[in-house]
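Scroll down for the structure; my scribbles are underneath it.
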Amino acid sequence: MGSRHRIAELERLFAHAERQRCCLATVDPRLRDALRRLAARDEVVRPARSVYARRSCWESLSTRDRAQFTLRALQKLHPDWVFCFGSAVLAYDLPASFASTRQVHVATTRACRARATRGVRFHVMPDDEDVCVVEGIRVTSFERTLLDCMRTAGFKRALALADAALRSGRAVRGRLEASFLEKGSRQTGVRHAVRTLRYADARSESAGESVARAAMIEQGFALPDLQVSFKRPLDEGRTYRVDFLWMREDGLRVIGEFDGRAKYEDASLRGGRDALRVLEDERRRESRLTAYGIPIVRFSYRDVMNATHFARLLKRFGVPWRREAADEHGRLSRSRSTSAKTFCFVPF
61 MGSRHRIAEL ERLFAHAERQ RCCLATVDPR LRDALRRLAA RDEVVRPARS
111 VYARRSCWES LSTRDRAQFT LRALQKLHPD WVFCFGSAVL AYDLPASFAS
161 TRQVHVATTR ACRARATRGV RFHVMPDDED VCVVEGIRVT SFERTLLDCM
211 RTAGFKRALA LADAALRSGR AVRGRLEASF LEKGSRQTGV RHAVRTLRYA
261 DARSESAGES VARAAMIEQG FALPDLQVSF KRPLDEGRTY RVDFLWMRED
311 GLRVIGEFDG RAKYEDASLR GGRDALRVLE DERRRESRLT AYGIPIVRFS
361 YRDVMNATHF ARLLKRFGVP WRREAADEHG RLSRSRSTSA KTFCFVPF
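Residue numbers are given in the numbering used here: position 89 of the sequence shown equals residue 149, and the series is strictly consecutive.
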C-alpha cells in the first residue's frame, strides 16, 4: 500500500475513533510505522503505548476528555482490563485530580498480579469485586471506586468526591457508609473515608465549593448554609442563589461566593455566552445582591489553598470561628473515630 493510501486509511480510522470519542488504538505494524512518522512531524500525539490522536483533535479536548479518550482506546487494546481508582473516577464523571489524568489505574488479582508499566499502575483487588461498564469503559463498582479514592485522598479532595457522589443520585449516605465498612474492613483509610462522608452535602455544586468548605471545617469556621436563594430585587418572580451563607454572632449575615474558573472556561457551563458576558452577568448579579445590605466575600481556589490568607479573609468578614472546633477536627482526623463535628449559627 502506498503512503498516500495509508494516510487516507489513517484519516478514516481517526475520524471513526473521534466519532466514538476515542483515540486510535492499533497494533498493526504498518499503521504504527506511519503513525510514528506523523508523530515525528508533530501531527499526531501518542498519549499511551499503541494509542494515538490527531493533534488538532487532541488540542481541542479538555484534560478530562483527553484522559477518557485514552481510556476508551486502552479498553479496545485490552478488553479484559478493569479500570479503578482515578481512572474509574473519570468514567463516573466524579471530580478528578490532575494525577488521575496522568496515570492509568488498572485492577488486578493476586493470582494475575502484573508489574506497573510506563503510565499504567496495577492495583490488587478482591477476586469477587463487581465490574461495571460506564461509557464503554469497564470499571470497578461506584462504591468501590469511591472508597478507594476517598480513603487514599486528603480531606479536601475526599469531601469533593463525597459531595459529588451524593449529588449524582447514585448513592445514599447510609448505604455508602455500610458499603465502606464492609468492603474496606481491612484497608487503611476506611475510617477517614467514612468520617469524611459524614460531612458530605449534596447541595455543593462543584468540587471547588467542596474544597472551600473542607478548608472551613479544617480551620474551625462555622458551617455555612449552601445554595440559598434570594429574590431578585428588580424581579421578585426570579431568584439568585449564593454558594454560602453564614449567620454571624451579631445576628448579621455574610454571603460567600467561590470564584471557579470553569464557569468562564467551560463552554458547557456558559449557556451559549462568551466569557466576557459571563463576567458581566456576575457583576450585575452581585450589584443587585448588595440591595440586601449583606456583605459578600469572594474567594478563589488559590485563596482557599493558602490557609493563613483564607482564615484572615473569613475572619475579616466576621465569619464565626472557634479554635476548639479546628482542634477537635484535627484530633478526630488522627484518631480511629468516624465522628464528624462542626458548628453553625442559625436565626431564631
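For each residue, glycine too, the CB sits at the ideal point set by N, CA and C. Bear in mind that the values here come from a model prediction, so they are computed numbers and not experimental data.
Under the three-state reduction of DSSP, which class applies to S122: helix, strand or coil?
S122 falls in the coil class under three-state DSSP.
Where does K291 sit, in a helix, a strand or coil, going by DSSP?
It is a strand residue.
Mind pulling the beta strand (DSSP E) runs of 3 or more residues that sit fully within the region 327 to 405?
Counting only runs of 3 or more residues that sit fully inside the region 327 to 405, the beta strand (DSSP E) segments are 356 to 360, in chain order.
For H138, which three-state DSSP category applies?
Coil.
Can you tell me which of the three DSSP states D285 falls into?
Note: D285 maps to strand in three-state DSSP.
Report the rounded CA-to-CA distance for A386 versus T402, giving the unit in angstroms.
Cα-Cα distance, rounded: 9 angstroms.
Under a three-way DSSP split, which group does R178 fall into?
It is coil, neither helix nor strand.
Counting C-beta neighbours from all protein chains within 10 Å, is the total for I315 16 or more, i.e. buried, or is it exposed?
A buried status is given to I315, since no fewer than 16 other beta-carbon atoms sit within 10 Å of its beta-carbon.
L84: buried (16+ other C-beta within 10 angstroms of its C-beta) or exposed?
That one is buried.
N- and C-terminal bounds of the alpha helix (DSSP H) containing G229:
G229 -> no alpha helix (DSSP H), and no H or E assigned at all.
State the CB to CB distance for the pair V199 and A148, rounded to an integer number of angstroms; the pair is presumed to be in contact (CB under 8 angstroms).
Their Cβ separation, rounded to whole angstroms, is 4 angstroms, which keeps V199 and A148 in contact under 8 angstroms.
Specify the secondary structure class of T161 as computed by DSSP and reduced to three states.
Of the three classes helix, strand and coil, the one that applies to T161 here is helix, per DSSP.
Hey, how far is the Cα of L312 from the Cα of S289?
Rounded to the nearest angstrom, the two C-alpha atoms are 17 angstroms apart.
If you compare alpha carbons, which of T205, F304, S201 and Y300 is closest to E342?
The shortest Cα separation from E342 among T205, F304, S201 and Y300 belongs to Y300.
Does A351 pass the burial test, meaning 16 or more other C-beta atoms within 10 Å, or should it be called exposed?
Burial state of A351 is exposed, judged by a 10 Å Cβ sphere holding fewer than 16 other Cβ atoms.
Between the Cα of L207 and the Cα atoms of L219, C172, A260 and F240, which residue gives the shortest distance?
Looking at the Cα atoms, F240 is the closest of the given residues.
Could I get the ranges of all uninterrupted alpha helix (DSSP H) runs contained in the region 242 to 286, with 4 residues as the minimum, in chain order?
Whole alpha helix (DSSP H) segments, 4+ residues: 250 to 257 and 267 to 279.
Here's the rule I'm using: 16 or more other beta-carbon atoms within 10 Å means buried, otherwise exposed. How should T248 be labelled?
With fewer than 16 Cβ atoms within 10 Å of its Cβ, T248 is classed as exposed.
Rounded C-alpha distance that separates Y112 from D187
In this model, Y112 and D187 are separated by some 32 angstroms (Cα to Cα).
Looking at C-alpha atoms only, which residue of R170, F143 and C117 is the closest neighbour of F74?
For F74, the nearest C-alpha among the options comes from C117.
Count Cβ pairs between the region 189 to 197 and the region 206 to 226 that sit closer than 8 angstroms; are there 3 or more?
In this structure the region 189 to 197 does not lie against the region 206 to 226, because fewer than three pairs of beta carbons, one per stretch, are closer than 8 angstroms.
So F318 and D295 are in contact, right, with Cβ under 8 angstroms, and what is the actual spacing, rounded?
About 24 angstroms separates the CB atoms of F318 and D295; that is not less than 8 angstroms, and the two are not in contact.
Can you tell me whether DSSP reads D319 as helix, strand or coil?
Strand, per DSSP.
Under 8 angstroms between the Cβ atoms of E203 and L154?
Contact flag unset, no.
Whose C-beta lies closer than 8 angstroms to the C-beta of V254 among residues of the same chain, with five residues either side of it excluded?
A distance below 8 angstroms between beta-carbons, with the five flanking residues on each side excluded, links V254 to the following residues of its chain, in chain order: E237, F240, L241 and T398.
Considering Cα atoms alone, identify which of F281, W381, C172 and E278 is closest to W141.
Just measuring C-alpha positions, the residue of F281, W381, C172 and E278 sitting nearest W141 is C172.
Proximal residues to Y361 (C-beta, below 6 angstroms), its chain only, five neighbours per side dropped:
Excluding residues within five positions, the ones whose Cβ falls inside 6 angstroms are G268.
Per DSSP, what are the beta-bridge partners of R198 in this structure?
Answer is V193.
Could you tell me the distance, in whole angstroms, from the CA atom of L226 to the CA atom of A133?
Rounded to the nearest angstrom, the gap between the Cα atoms of L226 and A133 is 30 angstroms.
Between which two residues does the alpha helix (DSSP H) containing P89 stretch?
Segment P89 to A100, the alpha helix (DSSP H) holding P89.
State the beta-bridge partners of R114 as determined by DSSP.
DSSP output for R114 lists V104 as bridge partner(s).
Endpoints, the alpha helix (DSSP H) within which A151 is located:
Residue range F145 to A151 is occupied by the alpha helix (DSSP H) that includes A151.
Tell me, to the nearest whole angstrom, how far the beta carbon of V191 is from that of V180; I am working on the premise that it is less than 8 angstroms.
V191 to V180, Cβ: 18 angstroms. No contact.
Burial state of C404, where buried means 16 or more other Cβ atoms lie within 10 Å
Under a 10 Å Cβ-count criterion, C404 is classified as exposed, with fewer than 16 other Cβ atoms of the shown protein chains found around its own Cβ.
Tell me the DSSP secondary structure of R206 in three-state form.
It is worth fixing the name first, because residue 206 is Leu in this sequence and not Arg. In this structure, L206 counts as helix in the three-state DSSP scheme.
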